[in-house]
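Read the structure below first, then the notes.
Residue numbers (my numbering): 1 to 156.
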């Protein structure tokens, strides 16, 4: 893990900065209110990456029964290529294991080669495509899944 990096649960004092990060990273960003609605939800798990005390990024996941879905992963541009996205995804994988999930799934823009390479390096497998899923600009989503064996270790 990157020296100076800590990953903490999302809290109310993070929301304004995370709403700004959403605007930077996504064409259809989550609002502050949408992020706030995730606080305290039993089915939600959102974590914030802080680098030397500064918010560098965040990731969120929803889990129902034995299924987890990664909603968002975002890292401020000045903190990219430092392993923060990887650390956040690994943190979500750990939480999914803690919740005894059978699998984690996510969608990613088909053009997001950096994220796709990250997911593949962590054992996620491409399992489908949603045509025209994203807007602004319109683009297909690739569906990736990480499946766990009974012991919650990723299945190769």
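Just so it is clear, CB atoms sit at the ideal spot from N, CA and C, and this is done for glycine as well.
Inset, instruction - Assign residue 16 to buried or exposed, taking buried as 16 or more other Cβ atoms, counted over all protein chains shown, within 10 Å of its Cβ. - result: Here residue 16 refers to the residue found at position 16 of the chain shown. For residue 16, the number of other beta carbons within 10 angstroms of its own is below 16, and it is reported as exposed.
Legend entry - beta strand (DSSP E) segment containing residue 8, residue limits: Indexing the chain shown from 1 puts residue 8 at position 8. 5 to 9 is the span of the beta strand (DSSP E), which, as asked, contains residue 8.
Legend entry - Classification of residue 114 by the beta-carbon crowding that lies within 10 angstroms, buried from 16 upward: In the chain shown, residue 114 corresponds to position 114, counting from 1. Burial call: exposed.
Legend entry - Between the CA atoms of residue 20 and residue 103 - distance to the nearest angstrom: Locating residue 103 in the chain shown gives position 103, counting from the first residue. Locating residue 20 in the chain shown gives position 20, counting from the first residue. Roughly 30 Å between the two C-alpha positions.
Legend entry - Proximity winner among 116, 54, 74, relative to residue 127 (alpha-carbon distances): If you number the chain shown from 1, residue 127 lands on position 127. Relative to residue 127, the option among 116, 54, 74 whose CA is nearest is 116.
Inset, instruction - Please list, in chain order, all residues of the same chain as residue 71 whose beta carbon is under 7 Å from its beta carbon, the five residues on each side excluded. - result: Stepping through the chain shown from its first residue, residue 71 is reached at position 71. 60, 61, 62.
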